Structure formats: C-alpha cells, structure tokens
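Everything below concerns the one structure shown next.
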Amino acid sequence: DTGVSQDPRHKITKRGQNVTFRCDPISEHNRLYWYRQTLGQGPEFLTYFQNEAQLEKSRLLSDRFSAERPKGSFSTLEIQRTEQGDSAMYLCASRLPLPGGSPADTQYFGPGTRLTVL
Amino acid sequence: QKEVEQNSGPLSVPEGAIASLNCTYSDRVSQSFFWYRQYSGKSPELIMSIYSNGDKEDGRFTAQLNKASQYVSLLIRDSQPSDSATYLCAGGQGAGSYQLTFGKGTKLSVIP
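For the record, the sequence lines run as chains E and A. The first sequence begins at 2 in our numbering and counts up one residue at a time. The second sequence begins at 31 in our numbering and counts up one residue at a time.
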C-alpha cells in the first residue's frame, strides 16, 4: 500500500453514461498525475496537477474527459458519454518533489480504477 | 522510434537464475528512469530509480543506465517465482511535470 487511494476500484457502465473516479494522494504530495493503462500496454499519461492547478494535459484527454483538484488535495476524473474504447485501468499517482526539483523523485501509484464500458 | 521501448517477452528463466530486462529510449526521454513491477490486475510498484550513468544496486536488483547508448537495464539475481510479473521501464520527461513515459512492459516468468 503506497498511501494513494482510489475509488471505486471497479466500475462497469453502459456506453453513453458518465462516470467519475476519485483519487486521494499521499497527504503531503502536491503533485498528482492521472494515467490510463489498456491491456498489454504501459500506462499513458493523461494529466498533471500541481496543487489545485492543472498544468498539463495529454492529447489523449479528449473533451469528454475532465479532471479537477479543487483544494489541492483529492482529485476527480470524469468521463462523459463513455465509449467502449474508454475501457481501461485508470491510475492515479502522486509525488513530493525533492528539494531543488530533482527529476529523480518518485511517483507512487494508487491501486487503480478498472473501467468496463459495455 | 517510440519514446521508451522494451522487448515484450515473455522472458522465462529458471528459479535462481539471473533475469535481464532491457529498455531503450529516445531523446525526448532523457532525465530519470524507473523500473516498476506490475502483477496481473494490480498497479505498478516501484522497484528502482536511476538517473546517473552506471550501476545502482538494491538487494537482488541492479539497474544500469548508459546515456550514450540510451539504454537502461534491470538485472534480477537469484530469481524467485514471486518475481514473475510484468516489468515496466519508464522515463521521466517534461521540465515541470516529470511525467512518466512507459514502455509496454516485459513479462517475466520464473520457473520453479
């Protein structure tokens, strides 16, 4: 257990429905990431928050996806009008930068939310 | 060239042997590198990070980085059946976010 929690762990929905996932990072970590992983692939970056500011978004994040981190603590990822291609594991990771902002500091992953769109 | 490439395997080694996992990366991924282990249905778990040329050892694991060849490797000594998993190589990129770019992963099977 890394200390990053995600809810729900599994979600089954019908095509066209909206879904929302929650991530609670390690409490002192001010950087938060969302990734998506499909079967047989490595995780792919979706978006990044520094405190409450969403600073980067991948081209993978279509306009049906929205992410928030309203108070700089937990984050939500919403998918509107789900499609079968959205079926994947959605992973949240958090990071506390080392003094000086080293790229070597680590991202810790939560257990993920597995989404199945029927 | 994809940013981070791994041989997807599967790689099978007998128990007690050395498992060697390899990864190459492109110029866009040039900062720090991470090896994650992922059991089926679970999330990635960090094994090692490396950002300087050379070797870094931690218990049965040794990570090697060669920036001139753009090559990262992970050696697992005295492989155990519990090491059977998919191993993901990841590189950090981006001046601010240090987002991770992952390879597809190499599936390792350690045969008792």
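Think of the CB as a built atom: it goes at the ideal place given N, C-alpha and C, for glycine as much as any other residue. Predicted model only: the values in this text are computed from it and were never measured.
With DSSP run on the structure shown, which of helix, strand or coil describes residue i?
i: E/Gly86; result: helix
i: A/Pro111; result: helix
i: A/Ile80; result: strand
i: A/Lys97; result: coil
i: E/Ser95; result: strand
i: E/Thr48; result: strand
i: E/Ala68; result: strand
i: A/Asp85; result: strand
i: E/Asp8; result: strand
i: E/Ser27; result: This sequence places Ile at residue 27 of chain E; Ser is not what is there. Reduced to three states, the DSSP call for E/Ile27 is coil.
i: A/Phe64; result: strand
i: E/Tyr36; result: strand
Classify residue i as buried or exposed, calling it buried when 16 or more other Cβ atoms lie within 10 Å of its own Cβ.
i: E/Arg96; result: buried
i: A/Leu95; result: buried
i: E/Leu119; result: exposed
i: E/Val37; result: Per the sequence shown, the amino acid found at residue 37 of chain E is Arg instead of Val. So E/Arg37 ends up on the buried side.
i: E/Leu61; result: exposed
i: E/Thr39; result: exposed
i: E/Leu56; result: exposed
i: A/Ser79; result: buried
Starting from the C-beta of residue i, find all residues in its chain whose C-beta is less than 6 angstroms away, skip the five residues before and the five after it, and write them out in chain order.
i: A/Leu76; result: Tyr66
i: A/Ala49; result: Val43, Ile106, Ser109, Leu138
i: A/Ala47; result: Ser109
i: A/Leu51; result: Leu104, Tyr117, Thr136
i: A/Asn83; result: Leu95, Lys97
Report all residues from its chain with a CB closer than 7 angstroms to the CB of residue i; omit the five preceding and five following residues, and keep chain order.
i: E/Pro9; result: Thr114
i: A/Arg58; result: Glu33, Gln123
i: A/Lys134; result: Gln36, Ser38
For residue i, which residues from the same chain have a beta carbon less than 8 angstroms from its beta carbon, with the 5 sequence-adjacent residues on both sides left out?
i: E/Thr52; result: Correcting the residue identity first, residue 52 of chain E is Asn in this sequence and not Thr. Closer than 8 angstroms at Cβ, skipping near neighbours: Asn31, Arg70, Gly73.
Query raised in the report: At a Cβ cut of 7 angstroms, what residues of the stretch 43-66 of chain E count as close to chain A, listed as they run along the chain?
Result: Gly43, Pro44, Phe46, Tyr49, Leu56, Glu57
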